[in-house]
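Working notes, structure below.
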Amino acid sequence: MDSDQGSDGDISENERPLNHLDTTNDPQFIQSSFDAYFHQASSRSCTSANVFSSRVLPLTQDEYNSAITAYKTRSPSQPQTRWTGPHDTRTAFRRYAHELEQGFNLLFYGSGSKRVVLNTFATECLATRGHVVVVVDGFHPNTYSPQSSVFPA
């Protein structure tokens with residue numbers, strides 16, 4: 001065996017191959033946002049054992065039925081859940097339209113409570129600017145990703 005050929009066991013801690021170097025502590029290494037993302041994503045995520053379902057008992061079928069019945073039979077004077085943002089809807093619409101024009105996507109988590117506002121945004125703001133709007137009900141249990149893909153004709 002030649003002197004420059006050795007087994008992997010002969011490599012000391014300071015002589016690791018380049019792909020094993022940790023350059024995050026190197027003062028000459030400038031970490032990009034991509035590097036920061038992958039560095040953060042590679043670490044273990046912290047979760048809590050304090051889970052809501054372990055602290056509150058689930059509703060029985062009778063309790064659930066009575067709660068749904070009470071909700072459906074409430075008087076019109078009782079307020080319904082409304083979307084509230086940091087500004088009025090017109091200000092938010094201008095900001096959303098600007099973000100879309102810049103190439104960003106919009107993501108609204110739990111859009112059930114914001115559906116009326118988002119439909120208004122689609123019909124009054126986007127449609128008047130010539131945009132094609134497609135609404136996919138992601139809450140429908142039979143919807144899956146290939147069905148919600150839109151391809152140009």
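First residue of the sequence shown: 1, per UniProt numbering; consecutive thereafter.
For each residue, glycine too, the CB sits at the ideal point set by N, CA and C.
- Restricting attention to 121, 115 and 77, the CA atom closest to the CA of residue 89 is found in 121.
- CA-CA distance, residue 28 to residue 43, rounds to 23 Å.
- Cα atoms of residue 59 and residue 68: separation of roughly 12 Å, rounded to the nearest angstrom.
- Secondary structure of residue 59 (DSSP, three-state): coil.
- Within the same chain, and ignoring the five residues on either side of residue 106 in sequence, the residues whose Cβ sits closer than 8 Å to its Cβ are 96, 99 and 100.
- A residue is called buried once 16 or more other Cβ atoms fall within 10 Å of its Cβ, and residue 125 is buried on that count.
- In the structure shown, the three-state DSSP call for residue 40 is helix.
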